[in-house]
Amino acid sequence: MFGFFFTPKAENDRYARQVRSSSGLAFIVSDQNYPVHWVQAGRSYQRFALQATRLGIRHAHLNQPVEVPAVRRHELGDR
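Counted from 1, the sequence shown has number 1413 at position 32 by the working numbering; the numbering is strictly sequential.
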């Protein structure tokens, strides 16, 4: 059932609408592709999200692009 209701095109369209309606975007990336760097990037996002919440700024986490191997480097240690 999931594949029937959530197609790649429908999800892409939904994310495109959300991005177009946003006032801004913030990108948090890691310097290298190792777990320690992933954790550092996650902590940076968490601090960003907490501060935005404290300031009353709405925000949302969008990580889907990094889940597609063709969009990201997937060899450990890529720079």
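No residue lacks a Cβ here, since even glycine has one placed at the ideal position from N, Cα and C.
Keep in mind the model is a prediction, meaning the values are calculated, not measured.
Here V1417 carries a helix assignment [DSSP, helix/strand/coil]. Out of A1397, R1439 and S1425, the CA that lies nearest to the CA of V1410 is found in S1425. In this structure, the beta-carbon distance from H1440 to A1433 falls below 9 Å. Here DSSP, grouped into helix, strand and coil, assigns D1412 to coil. With a beta-carbon spacing of about 34 Å, F1385 and A1407 fall beyond the 8 Å limit used to define contacts. Per DSSP, the continuous alpha helix (DSSP H) segment holding N1393 begins and ends at P1389 to R1401.
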